[in-house]
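Using this note's numbering, read the sequence shown as starting at 19 and increasing by one per residue.
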Amino acid sequence: MTVPLDRHCLVELQVSAERVSQLRRIVAAHLRHWSLDLHVRPVCRAAEELLTNVRRHVGDDARCVVELRWTGRHLTVSVADDDSRMPRLLDGGGGGLSRVMALSDSWGTCRTAGGKVVWFTRYAETPCTVGLLPGTPRPGGRTSLGSPVSELV
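Below you can see the structure in the form of structure tokens.
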């Protein structure tokens, strides 16, 4: 299976309770389209945490931009908003950035000219479908260990 070297999705929205759930469905649809089904739940939960933080700390109807980028090896999700206050990882917290940290391989923040970006990454290698088919049956009930196509030649 050949995957383009770069997959990208950009969504600009005003954060509200219903927009968070809509964006969760958009993220899930893109991940499934990219054959990253195993990553749907953790990525959607972490993205939802970032959006909920924008809603909680910046305010309802705050404008933000959500970006997904998959290179075939790493998936990066970032949320940019217009607030210059940087987020903090709280001690003993079970949500927010603590949850993002638990659901990702790495995360971080970056100041921008108009606010900040909070991002996380997950290792998400191109799905491998070669070799998942059962081998061609051999006489005597044995199954081949080789490629099913090469056995027919």
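Ideal Cβ positions, reconstructed from N, Cα and C, are used throughout, including at glycine.
Under the rule that 16 or more other beta-carbon atoms within 10 Å means buried, what is residue i, buried or exposed?
i      : result
Leu108 : exposed
Asp99  : buried
Leu28  : exposed
Ser122 : buried
Ala131 : exposed
His48  : buried
Glu143 : exposed
Leu12  : Only positions 19 to 171 of the chain appear in this structure, which leaves residue 12 out of reach.
Can you tell me which residues form a DSSP beta bridge with residue i?
i      : result
Gly126 : Trp137
Trp88  : Arg25 and Leu93
Val76  : The partner list for Val76 (beta bridge, DSSP) is empty, contrary to what the question assumes.
Asp99  : Cys82 and Lys134
Glu30  : Val83
Measuring CA to CA, which of the options is closest to residue i?
i      : options                         : result
Thr70  : Leu56, Arg103, Ser39 and Leu86  : Ser39
Arg5   : His92, Arg43, Ser34 and Tyr141  : Because the chain in this structure spans residues 19 to 171, residue 5 falls outside the shown range and cannot be described.
Asp101 : Val72, Thr89, Leu115 and Trp125 : Val72
Val118 : Gly77, Val136 and Arg42         : Val136
Take residue i and list the residues in its own chain whose beta-carbon comes closer than 6 angstroms to its own, dropping the five residues that flank it on each side.
i     : result
Val45 : Cys62 and Ala65
I'd like the list of long-range same chain contacts for residue i, defined as Cβ closer than 8 angstroms, with 5 residues on each side in sequence excluded.
i      : result
Arg37  : Leu31 and Leu69
Asp79  : Gln32, Val33 and Ser34
Val171 : Any answer about Val171 is weak, because its pLDDT of 45 lies below 50 and its placement is not dependable; what the coordinates show is given next. For Val171, where only same-chain residues beyond five positions count, there are no Cβ hits under 8 angstroms.
Ser124 : Phe138 and Thr139
Suppose you measure from the CA of residue i to the CA of residue j; what does that come to, to the nearest Å?
i      : j      : result
His26  : Val83  : 13 angstroms
Trp52  : Thr139 : 16 angstroms
Gly133 : Glu85  : 16 angstroms
Val58  : Pro157 : 42 angstroms
Thr89  : His75  : 31 angstroms
Arg42  : Leu115 : 17 angstroms
Arg91  : Tyr141 : 6 angstroms
So that I know if they touch, is there some Cβ in chain B lying closer than 7 angstroms to that of residue i?
i     : result
Arg37 : The structure shown contains no chain B; it is built from a single protein chain.
In its own chain, which residues sit with a C-beta less than 7 angstroms from the C-beta of residue i, not counting the 5 before and 5 after it?
i      : result
Thr94  : Arg87, Trp137 and Thr139
Cys128 : Lys134 and Val135
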